[in-house]
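Colleague: Got a structure for you, questions after.
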Amino acid sequence: MGSLPKYNFMTKEELLAKLKTIITPYVQNQEGLEALHEDTDFIKDLEINSANLVDVVLDVEDEFDIEIDNEAMEKMITVKDSIAVIESKLASK
15 MGSLPKYNFM TKEELLAKLK TIITPYVQNQ EGLEALHEDT DFIKDLEINS
65 ANLVDVVLDV EDEFDIEIDN EAMEKMITVK DSIAVIESKL ASK
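Converting from the sequence shown to the working numbering requires adding 14 to each position, the first position being numbered 1.
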């Protein structure tokens, strides 16, 4: 059996689906969640508070087995930016 990391070959759609699952418990605006797209802003569109954004980042780290530093965390404001950070961290593993 090979030991390839399970997320190295994920499509953007698969990453988006995983991210949606991770953020769902923290979303206050369900309509925003249903209309989720790359430009969705976690705070403005989904009404996730800043304390819960830290929880989202921790959950992302656990799910993808990556480490997100403060600089990268500050970029994770929209879905598109978050996917870019995740892809970058996965690529550098």
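The beta-carbon is built from N, C-alpha and C at its ideal position, and this holds for glycine as well.
Predicted model only: the values in this text are computed from it and were never measured.
Have a look at Phe56 and Glu27 and give me their C-alpha separation to the nearest angstrom.
Modeller: Taking the sequence shown and counting its residues from 1, the one referred to as residue 56 is at position 42. Taking the sequence shown and counting its residues from 1, the one referred to as residue 27 is at position 13. Each residue's Cα considered, the two are about 18 Å apart.
Colleague: Let me know if Asn84 comes out buried or exposed under the rule of 16 or more other beta-carbons within 10 Å of its beta-carbon.
Modeller: Here the question's residue 84 lines up with position 70 in the sequence shown. Counting Cβ neighbours within 10 Å, Asn84 comes out exposed, since fewer than 16 surround it.
Colleague: Terminal residues of the continuous alpha helix (DSSP H) containing Met87?
Modeller: Working through the sequence shown from its first residue, we reach residue 87 at position 73. It spans Asn84 to Lys89 - the alpha helix (DSSP H) in which Met87 sits, taken as one unbroken run.
Colleague: Below 8 Å between beta carbons: does that hold for Gln42 and Leu60?
Modeller: Locating residue 42 in the sequence shown gives position 28, counting from the first residue. Locating residue 60 in the sequence shown gives position 46, counting from the first residue. Result yes, Cβ atoms of Gln42 and Leu60 sit closer than 8 Å.
Colleague: In angstroms with no decimal places, state the Cα-to-Cα distance between Val70 and Ala49.
Modeller: For the purposes of this step, residue 70 is identified with residue 56 of the sequence shown, where counting begins at 1. For the purposes of this step, residue 49 is identified with residue 35 of the sequence shown, where counting begins at 1. When rounded, the distance between both Cα atoms is 19 Å.
Colleague: Would DSSP call Asp3 helix, strand or coil?
Modeller: In the structure as shown, the chain starts at 15 and stops at 107, and residue 3 therefore has no counterpart that could be examined.
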